[in-house]
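What follows is a set of notes on a single structure, which appears directly below.
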Amino acid sequence: MPIKKKEGKVEEIKGERRKIQRNFEGLITQLSSKNPMERRWAARDLVDYKEASKYLIEQLMKEEDISVREVIISSLLRIKDEVAIEGLIECLRSDDAHLRNSAIEALKEIPEEVGPYIEKLLQDKDPDVRIFTINILESLRHPKVIKWLIEVIEKDENVNVCATALDLLAEVGTEEAIPAIKKVKERFKNEPYIQFASDIALRRIGEQ
Amino acid sequence: MKKILVIDDAATVRMYHRKILEDAGFEVDEAVNGLEAFEKALINDYDLYIVDINMPKLDGYSFVKRLRESENIRQSPVIMVTTEAEEKDIDKAFEEGANFYLVKPIKPDEFLKFCKLLTGMPYE
Amino acid sequence: MNSRDTLKNESDITLTDDDFEKFREYFYRKTGIMFDQSKRCFVDRRLIERIKATGHNSFKSYFIFLRFESSGKELQNLINALTVNETYFFREEYQFQCMVKRMLPEIISRKRSGDIIRIWSIPCSTGEEPYSIAIYLLEYWEDIDKWDVEIVASDIDTNALEKAKKGVYSERSVQNLPREIVKKYFKYLGNRYYQICDDLRNSVEFVRLNIIDTKETKRYRGFDLVFCRNLLIYFDDLSRKIAVENLFDSMNPGGFICLGHSESMSRISPIFKIRKFPEAIVYQKPLEEVK
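Same order as they appear, the protein sequences are chains X, A and U.
In terms of our numbering, the first sequence has 205 at position 205, counting the first letter as 1, and numbering is strictly consecutive.
Take any residue in the second sequence, count from 1 to its spot, add 208: that is its number in our numbering.
Take any residue in the third sequence, count from 1 to its spot, add 332: that is its number in our numbering.
And the structure:
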């Protein structure tokens with residue numbers, strides 16, 4: 001029978017364990033290993049150490065291997081302390097599209113923790129950051145979400161920021177938002193996309 | 209009928225592009241991120257890709273890069289779609305293999321003009 | 333409550349076209365499953381069931397509840413209600429075809445003689461999948477005699493594992509199998525029940541495992557082929573991501589992983605490479621660790 005059952009328990013791979021110290025210092029060193037597999041394992045194991053956030057963020061910002069990045073983010077999301085959250089928010093400003101977008105996705109996973117930062121981010125001078133903040137709002141269970149979105153479409157000067165808010169309002173909007181949507185339609189009279197997105201939002205809210 | 213893949217994480221944006229393109233006689237398919245787009249491109253033949261930059265899982269540049277590196281996918285033209293603030297990234301888009309870019313929010317006429325141009329359709 | 337009131341309540345909840353679109357877009361974003369108009373009846377019926385089951389009386393209030401429920405439990409209930417999940421032998425057989433025709437030949441091209449091939453079935457549920465893999469290899473893989481294969485089967489449900497070890501199945505479960513295969517690998521127990529032959533029962537290793545538990549999963553290494561079908565779709569976003577990363581670590585470079593036919597890595601993680609074969613789309617752990 002060529003199908004064989006392994007005798008006894010599944011063995012640990014002893015080699016990898018002996019070579020590296022599994023304590024905090026050892027893991028931090030391993031986090032900058034030349035070998036992406038070792039970096040990934042270190043990122044994975046550092047999830048047990050709250051002090052690791054700072055190092056994980058540092059590595060995230062220069063990490064080029066996609067599988068290592070993903071595991072770093074998973075660990076940060078499990079640690080989810082202030083350092084981790086603020087580090088991820090900092091990544092929203094990165095020039096690296098993949099890093100930016102991974103950060104948005106990550107922050108969406110920890111809506112409770114990111115809530116306190118939202119108001120300030122919605123006022124950020126970089127319109128992209130304001131757009132990304134609205135993206136993060138998608139998963140936020142917060143009594144102020146609709147109010148925030150309404151404020152954006154009432155006050156934000158950037159058409160794409162308003163467009164992003166309208167897209168989210170189509171899914172979560174309530175009647176409360178109707179007057180503001182009608183106003184933003186007026187404000188961006190010459191933007192066909194805003195007309196379209198406003199109409200969709202109104203329809204989904206049940207106005208039309 | 210020419211077939212276009214619209215790639216954007218915002219449902220309303222996909223709907224908008226779809227409406228403009230379908231009204232003009234194109235067949236339209238959608239993907240919410242670069243990964244899904246890549247999967248669809250492996251299975252289907254598209255004449256044109258409309259690619260948003262900021263998307264979860266796999267952003268627009270990474271998608272175009274993978275597309276251009278792939279031997280199993282039809283190398284159709286790519287229109288990259290960006291918001292104003294990212295114009296500095298345009299060079300990167302061309303480096304990765306995009307053919308053109310448009311700035312959001314897109315105006316229907318301009319959009320159609322370039323879609324027809326890049327799919328070899330006449331523009332009346 | 334008289335019978336007229338009861339009748340009225342039954343047809344009270346309806347979905348408008350806009351409700352359906354709104355729901356459809358949300359569900360598509362979360363799961364990658366897109367319901368077209370032909371599925372409208374099916375979706376409406378299941379949705380209305382969930383709306384009532386959660387004590388809501390309109391789609392509107394239910395949708396707000398669904399969207400913002402932090403535990404994600406209702407979304408999972410909804411996914412359960414909207415996806416058909418039945419296990420039986422040779423389910424999604426095209427993936428097994430792909431295994432013997434494409435994936436295994438590639439895997440062995442990178443192995444030396446004497447190396448073992450490790451296959452993981454997770455979740456294995458009541459065992460139909462790992463036994464199907466074993467049978468398929470024995471019957472349809474031309475190189476089965478040249479290589480030793482180890483099949484590990486895992487599930488979080490210990491009851492299912494017990495059933496799997498016993499290997500007793502109903503007629504319904506084996507109905508997809510050619511008659512000769514049933515004769516060859518099963519004994520008929522009477523009363524329309526069949527049991528997997530002892531040889532096969534003794535060659536699959538069944539172990540309890542929670543795929544999200546990174547520490548537990550760390551001990552599993554060196555897999556060439558993983559079947560993870562119809563499990564990830566039931567997890568929340570973060571758990572799915574972590575499960576996939578754990579699976580990645582458990583695999584050899586160049587190893588393949590198959591998901592359920594309505595599942596895709598596109599909603600989960602970019603770390604696997606996608607491979608298209610004539611029989612199936614599967615995912616592969618990159619061969620070389622660069623940089």
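The beta carbon of each residue, even a glycine, is placed where N, CA and C say it ideally should be.
Item	Value
Restricting to Cα atoms, I'd like to know which of Ile215/A, Tyr257/A and Arg226/A is closest to arginine 276/A.	Tyr257/A
Pick helix, strand or coil for glycine 15/X, following the three-state DSSP scheme.	Note that glycine 15/X scores 44 on pLDDT, short of 50, meaning its location in the model is unreliable; the coordinates nonetheless yield the value given after this. It is helical.
Arginine 336/U by DSSP, collapsed to three states: which one?	With a pLDDT of 47 at arginine 336/U, under the threshold of 50, the modelled position of that residue is not reliable, and the figure given next carries that caveat. Arginine 336/U falls in the helix class under three-state DSSP.
Could you spell out where the beta strand (DSSP E) holding aspartate 480/U opens and where it closes?	480–487
Compare the C-alpha of isoleucine 178/X against each of Thr29/X, Ile205/X and Asp128/X and name the closest.	Ile205/X
Buried or exposed: which applies to glycine 387/U, given that a residue is buried once 16 or more other Cβ atoms fall within 10 Å of its Cβ?	exposed
Rounded to whole angstroms, what's the CA-CA distance from glutamate 238/A to valine 259/A? Just pull it up for me.	10 Å
Do the region 71–80 of chain X and the region 35–45 of chain X touch if we need at least three Cβ pairs shorter than 8 Å?	yes
Using a Cβ-Cβ distance cut-off of 8 Å, determine whether alanine 177/X contacts chain A.	no
8 Å is my cut-off, CB to CB: does alanine 218/A come that close to chain X?	yes
Less than 8 Å between CB atoms is the rule here; does arginine 100/X satisfy it with respect to chain U?	no
Using a C-beta cutoff of 8 Å, does aspartate 487/U count as contacting chain X?	no
I'd like to know whether the C-beta atoms of tyrosine 269/A and glutamate 318/A end up nearer to each other than 8 Å.	no
Residue range of the alpha helix (DSSP H) that serine 601/U falls in?	Premise fails: serine 601/U is in no alpha helix (DSSP H) and is neither H nor E.
Between the Cα of glutamate 86/X and those of Asp96/X, Ile66/X, Glu58/X and Met1/X, spot the shortest distance and give me the residue it belongs to.	Glu58/X
Let me make sure I understand the geometry here. Which of Asn523/U, Lys362/U, Glu353/U and Glu548/U has the alpha-carbon closest to that of aspartate 569/U?	Lys362/U
In this structure, what does DSSP give as the bridge partners for aspartate 260/A?	Val289/A
Using 8 Å for Cβ pairs, my map puts valine 614/U next to phenylalanine 580/U. What's the rounded Cβ distance?	Wrong, their Cβ atoms sit about 14 Å apart, outside the cutoff.
Establish whether the CB of lysine 273/A and some CB of chain U are separated by less than 8 Å.	no
Just to confirm, are glycine 554/U and isoleucine 528/U a CB contact at a threshold of 8 Å?	no
Look up glutamate 238/A in the DSSP assignment and say whether it is helix, strand or coil.	strand
Are the C-beta atoms of glutamate 244/A and some chain U residue less than 8 Å apart?	yes
Against chain A, does proline 610/U count as a neighbour if the rule is that its beta carbon must be under 8 Å from one of theirs?	no
Could you tell me which chain A residues have their CB closer than 7 Å to the CB of aspartate 45/X, listed as they occur along the chain?	Ordered by position in chain A, no residue passes the 7 Å Cβ test against aspartate 45/X, which lies about 25 Å from the chain.
Could you say which of Arg377/U, Met366/U and Tyr360/U lies nearest to threonine 348/U if we only look at CA atoms?	Arg377/U
What residues of chain X sit near proline 602/U, judged by a beta carbon separation below 7 Å?	Ile66
Can lysine 608/U and asparagine 280/A be called in contact, C-beta distance under 8 Å?	yes
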